[in-house]
Each structure stands twice: as structure tokens, then as C-alpha cells.
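Listed in order, the protein sequences are those of chains C and R.
Numbers 457 to 747, taken from my numbering, label the letters of the first sequence in order.
Numbers 2 to 286, taken from my numbering, label the letters of the second sequence in order.
Backbone N, C-alpha and C fix where the C-beta goes; we use that ideal spot for every residue, glycine too.
Structure first, then comments.
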Amino acid sequence: DLTRKLDHVLKKIKGQGKLSEKNIADSLREVRKVLLEADVNYKVAKEFVKSVQEKSLGQAVLKSITPGQQIVKIIYDELTRLMGQSTASLRFANIPPTIFMATGLQGSGKTTFVGKLALYLRGQKHSPLMVAADIYRPAAIDQLKTIGKQLNIPVFSEDGKNPIQICWDSIQQARQNGNDVVIFDTAGRLHIDENMMKELSEIKEKTKPHNIFFVADGMTGQDAVKAATEFNNWLAYDGVVLTKMDGDARGGAALSIKAVTGKPIMFVGMGEKFNTLEQFHPDRMASRILG
Amino acid sequence: VTGKKTLDEETLDAIEEILITSDIGVETVMELLERLRKRARIKGEDETAEIQDIMRQELKSVLSDQVERSASDEKSFFNPGVTPFVIMVVGVNGTGKTTTIGKLAHRFRKEGKSVIIAAGDTFRAGASEQLNIWAERSGSDFVRHQAGADPGAVVFDALNAAVARRKDVLIVDTAGRLHTKVNLMEELKKIRRVMTKLIPEAPHETLLVLDATTGQNSIRQAEQFRDIVGLTGIVLTKLDGTAKGGVVLTILKELGIPVKFIGLGEGIEDLAAFDLNTFIDALFS
Ligand SMILES: Nc1nc2c(ncn2[C@@H]2O[C@H](COP(=O)(O)OP(=O)(O)OP(=O)(O)O)[C@@H](O)[C@H]2O)c(=O)[nH]1
Ligand SMILES: Nc1nc2c(ncn2[C@@H]2O[C@H](COP(=O)(O)OP(=O)(O)OP(=O)(O)O)[C@@H](O)[C@H]2O)c(=O)[nH]1
Ligand SMILES: [Mg+2]
Ligand SMILES: [Mg+2]
């Protein structure tokens, strides 16, 4: 069990009296192993351990009578710092509607997130309109319409139009109907699919969303950095949503994505029901990754 | 790494990075690197084989007896000789179960087999509508109940229909569920019991669908699903992306569960039989 593993590593560090540089290097090799097992990206784990090592080799730590405690503190502080100091907040338009856009790889949880975000925003006294801009996946529009019925939140969809037109037309609809927030549900796509990535940037260009989200599966492994970086290159998104964190995945992807793109993790998906959207807490995520 | 001929520490570091970033997992990678170091010491500096080939050999020996089990016999899968041949498809949320069922049904149809599909996901919005479209595309019969119905009841009806209509194959879709949710895993056990009561050998195949982008959690998923409902094989999807899915090597090594198919896209033809040698080669491409 990974929780016990890092606890064991950290106890060993804490339990030692004076530490030599070799002790520190050995312990940090163990920490790197724990991070990799938690799905933290290879390069990110390497950099992280290197920076902890540099801080740990400072005279203050080596001369301390409880150097182990200091190193553990450095590890937790460094990890929490990397995860983002605090949750970034949503941008709202001066003149409604405010536009939100959910993007990401196939099956990451975008459509479910759109429902969750709509419910959350209605709870904040907004009037949301969800937009079915996935015209590819079988019954994707049915899925969003069903969610709209379950939540009693309107869904905009159009036959025979492309996603750019659908998103554009939805804004006009929102203005007519008094919906002050519009949320685009887009089709899952590969970051290496040029045509599909181009479609996303065309939606962005035409509709100028105030908040673009990269919705990532919390169980993603080493590939997290590639997709997150490519989506950011195409869209310069505003924030990341990490889904399916109600499982036992360690969530190293959170650290990888934040470290490499610098974009804040704004929400965490903690279930299949629509009231399971949570704010991201960097310190809680750090504890989870470290087990 | 390609073209290098000596196993110095710099090369080993480069190899470590390639292996870890393909999601093979630290323990397995460490084991591999140790074998490489031993090999370099034994053979010395005149190792002339390509590093790539050495890696392949060592990977295959680490997986030794599992390599045989992993040789997926595609021909016999699609010509099972038992009627109805019952396949249950399980896995966590969003991995590609429903889409994979469409692809499998299509393959059976191409072999001249008749197929019936059961909409065992009665929970998620749009689930049966989505599966219905795949049934139509593949020319398969389709059994569904209303949303929120008991999945066991759907499977009961579908199995009876499969027998009554003399269908060759029944494929059962189930709702995505995290392996940590005890009540949902119990539900899966119950669905399986419904089948076994009607046909003792059913389900003949229980396939776990894993997403190639998922990291080490795939091992936990495989363990839990195997323990609770039994698994005969894995389908590894989304290999048309950049993720390598290396975690299946650890699953093969530690749990002995073979990958039978891989998903290479969102279209009905985007399914291929798993080949271990091709897979290992792709890790280094
Ligand atoms: N347990 C859990 N399941 C989730 C969460 N978010 C989404 N899901 C489930 O994950 C699966 C995929 O969710 P979708 O919303 O359809 O994913 P998507 O990104 O829209 O998929 P595509 O449109 O095909 O790319 C569904 O079974 C959802 O119920 C979460 O936070 N926790
Ligand atoms: N690129 C790619 N996408 C895939 C592949 N297999 C499935 N998908 C996509 O992944 C997304 C999820 O597929 P589903 O079949 O709905 O997955 P599921 O496991 O049934 O999802 P739930 O029932 O919600 O748990 C869809 O957008 C599919 O088109 C694949 O091999 N490659
Ligand atoms: Mg969707
Ligand atoms: Mg499904």
C-alpha cells in the first residue's frame, strides 16, 4: 500500500539523527519512487526531488538535531507550493452572458462536468444554458438533454450545424432567454488530431469564452503532460478540472499538469452525481499524492 | 537510445525515462534495469546488439511464461463454438466499454455470427441510446429497459432472448464504476449471478476495458474487478493517442491477465487483436 510506503520512507527520514548528504540522497530516491508510483510525470518528479535536495542540503538542515522533520516539512511545503497557492476564481463578463467551455480527451468527464458546473452556477443565483456542441459521439446530445431534464436546466442544440455555429447561435439564444451563463460541452478529442484541435480554437476565436477548462481524468498517468501541454498550446485555457477523484488514484497528474503548464486546477470531480463538484485544495492534493 | 551499443549509466537513464513514461511502473522498470546492468557486466563492452533488441529480449524474459498466455487467439475468439457465447464488459467510467462493444459486435457480424446486445447500463444519461446506435451500426439485436431499471433484469431478458432467438453471441454492457465503490461492485457480482443461474458457464468471457491514458491505478482496477467478478481478458483502448499503456505489462506479469484487444479509434473498425511483440516495439517508437 503506497500510503504506508511513503509513511515508512518519511518515518525513516524523521527517525534519523544527524543526516549525511548520502542519507538525504537515498531518502529522496525513495521519495522519487513514491511520486512515480503516484503517476507524477517522470521529469516533474526528477525536478521536484532535485529542488527538495538543494533545499535539504542547506546548512540549516544538516546542522539541525531533527533534520528528518525539516526535510519532511520541505517536501510537503514544496509540493503544496507547486500545486498552486490557492484556488483561482472564475471570470465573469461585465455584460452577460459569461461563456464557459469544457474541453479534453475522450471520456475524461466533460459532459458530466458541464452538468455539475451548471448546477453549481445556478446555486450561485445564475441562469445557466448548457450547449450540446458534441455532434460526433453517438447520443451525446441525448446525454446532455437527459442531464438537462434531470437538473431542470435548459440545453441548446441544433440539427445540421457544425460545433462553431452551434456555440455561436447558443449565445444569441442565451441573450434572448436571459441566460447569463453559457456552458459549451465539446466532443472528446486527441491532442494530436489537428483538425479537431483546430475546431476548438475556431470555437474559441468566434465566441471568446471567459473560462476555458481542460477536463482531465484524475487517473491519468505519464501522458497527462502531453495532452495538457498540447491543449494549452492550442487554447491557452484558463484552468484544469480533475475528474474521478472519488476513486483511489493518487492523482499525480495534478502535480504534473500544474508544474508543466502553470495553469491552476480549479475544480475536482468527486462522483457521478451532479452535486459532486468540489473546489481544489492544494494541501489536500499534496497529502493524497504523498500517500 | 536507438543506435547506442553500450549500456552505460547515461544510456540506462535514458532507458529508464522511456520505460517510466510509457507507464510501465517503477517496480517493473527497476527489475528490467537490474537485468540490463547484469547483462552489461556479463557481456562487457563488446555488446553489439542494438539496445532496442536487448530491451525487447529482457522485457520478454521478464514476462516469460505470460508471453504464451498473452498470445491472443483472435480466430477462436470470434468462432467460439458455444451458443450463445456470452461476453460481459466491465470497467471504470469512460474507458470505452460501450464503444468497444460496438466494435466487437461488428467483428462477430463480419464472421457471420448473429449478435444480441444488452443495455446493462441503466444508470448513466444517454447510455442505452448510445449503445442502441452501436447495435444498429453493427446489425445486432438490442435489449433494453427503461432508465433506472434493474440491470440484472435487463441481462435476464437478454439472455433468454439470446437463447430463444438462437443468437450466436450476447454482449452485455455495464455501467462504468469505480472499483472502490463497494455497492456498485456488489451490483456487478449480482449481474454475473443472474447469468450464471441461467447458463452455468456464462459469462464465457469477462473483459475489463482499460484506458491507455490511465496510470498505475489500472493495476488496482484489474485486481479489484478480477477479485469481485473474475476476468478473462483486457481490452486496452485509446492507443491511437500518445499514451503507451505500459501498465498492462505489469498486469500481465503480476496478475496473469492477458490483453486480448486494443482500441485504436472511435470508429467501428478500430479494434485489433493484441500482439505482445508489436506492443513492446511500440514502446520504443
Ligand atoms: N466516479 C466518477 N465518475 C465520473 C466523474 N465525472 C464523470 N464521471 C463518469 O465518467 C464517465 C464519462 O463521463 P462523460 O461526462 O460522458 O465524459 P466525456 O468527457 O463527456 O466523454 P466524451 O464526450 O466521450 O469525450 C461517465 O460514466 C461519468 O458518469 C467523477 O468525478 N467521478
Ligand atoms: N480515440 C479513441 N477514443 C475512444 C476509443 N474507445 C472509446 N473511445 C472514446 O471514449 C469515449 C468514451 O467511450 P464510451 O464507450 O462511452 O466509454 P464507456 O466506458 O462506455 O463510458 P461509461 O459507460 O460512461 O463508463 C467516447 O468518446 C469514445 O468515442 C479508442 O480506442 N480511441
Ligand atoms: Mg461528452
Ligand atoms: Mg458506457
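A straight line joining the alpha-carbon of valine 63 (chain R) with that of leucine 33 (chain R) spans about 7 Å. In the structure shown, the three-state DSSP call for glutamate 734 (chain C) is strand.
In chain order, Leu492, Tyr498, Gln678 make up the part of chain C whose C-beta sits under 8 Å from the C-beta of isoleucine 21 (chain R). Fully contained in the segment 631-678 of chain C are the following beta strand (DSSP E) runs of length 3 or more, in chain order: 637-641, 667-673. If you check the C-beta of glutamate 728 (chain C) against ligand 1, you find a heavy atom less than 7 Å away.
Not one heavy atom of ligand 2 is found less than 7 Å from the C-beta of aspartate 641 (chain C).
Set against 7 Å, the gap from the CB of glycine 644 (chain C) to the closest heavy atom of ligand 3 is smaller. In the structure shown, leucine 484 (chain C) falls within a helical segment according to DSSP collapsed to helix, strand and coil. Within a 10 Å sphere around the beta-carbon of glutamate 11 (chain R) sit fewer than 16 other beta-carbons, which makes this residue exposed. In the DSSP assignment, threonine 602 (chain C) falls outside any beta strand (DSSP E) and lies within the alpha helix (DSSP H) extending over 596-607.
The Cβ of glutamate 728 (chain C) sits closer than 8 Å to at least one Cβ of chain R. In the displayed model, glycine 121 (chain R) falls within a strand according to three-state DSSP.
Rounded to the nearest angstrom, the gap between the Cα atoms of glycine 634 (chain C) and tryptophan 624 (chain C) is 16 Å.
Around the Cβ of tyrosine 592 (chain C), a 10 Å sphere holds fewer than 16 other Cβ atoms; the residue is exposed. The CB of glutamate 130 (chain R) comes closer than 7 Å to the CB of Ala595, Asp598 in chain C, given here in chain order. Around the beta-carbon of alanine 692 (chain C), fewer than 16 other beta-carbon atoms lie within 10 Å, marking it exposed. For the pair isoleucine 172 (chain R) and valine 93 (chain R), the Cα-to-Cα distance works out to about 17 Å. Remark: the shortest separation between the CB of alanine 148 (chain R) and any heavy atom of ligand 2 does not fall under 7 Å. At a cut-off of 8 Å between C-beta atoms, alanine 244 (chain R) counts as an interface residue with respect to chain C. By the C-beta criterion, the segment 88-103 of chain R is judged to be in contact with the segment 208-221 of chain R, since at least 3 inter-stretch pairs fall below 8 Å. At least one heavy atom of ligand 1 lies less than 7 Å from the C-beta of threonine 699 (chain C). According to DSSP, isoleucine 721 (chain C) shares a beta bridge with C:Val696. Short note on alanine 683 (chain C): C-beta not closer than 7 Å to any heavy atom of ligand 4. In the displayed model, alanine 274 (chain R) falls within a strand according to three-state DSSP. Sorted by position in the chain, R:Lys98, R:Thr99 make up the residues whose C-beta lies under 5 Å from a heavy atom of ligand 4.
The straight-line gap separating the alpha-carbon atoms of aspartate 702 (chain C) and alanine 710 (chain C) is approximately 14 Å. Between the C-alpha atoms of lysine 581 (chain C) and alanine 574 (chain C) there is a straight-line separation of about 11 Å. Per DSSP, the unbroken alpha helix (DSSP H) holding aspartate 158 (chain R) starts and ends at 152-165. Fewer than three pairs of CB atoms, one per stretch, sit closer than 8 Å, so the segment 532-552 of chain C makes no contact with the segment 597-612 of chain C. Comparing alpha-carbon positions, the option among C:Val490, C:Pro720, C:Leu491 lying closest to phenylalanine 669 (chain C) turns out to be C:Pro720. Put simply, the CB of alanine 120 (chain R) is far from chain C, with every gap to its CB atoms at 8 Å or more. A direct Cα-to-Cα measurement between lysine 111 (chain R) and methionine 675 (chain C) gives close to 35 Å. Unbroken beta strand (DSSP E) stretches of 3 residues or longer found wholly inside the segment 529-566 of chain C: 554-559, given in chain order. Under the three-pair Cβ rule at 8 Å, the segment 134-144 of chain R counts as touching the segment 114-126 of chain R. Within the DSSP bridge table, the entry for aspartate 174 (chain R) names R:Val90, R:Ala120 as partners. Remark: fewer than three beta-carbon pairs, one from each stretch, lie closer than 8 Å, so the segment 196-203 of chain R and the segment 211-231 of chain R are not flagged as touching.
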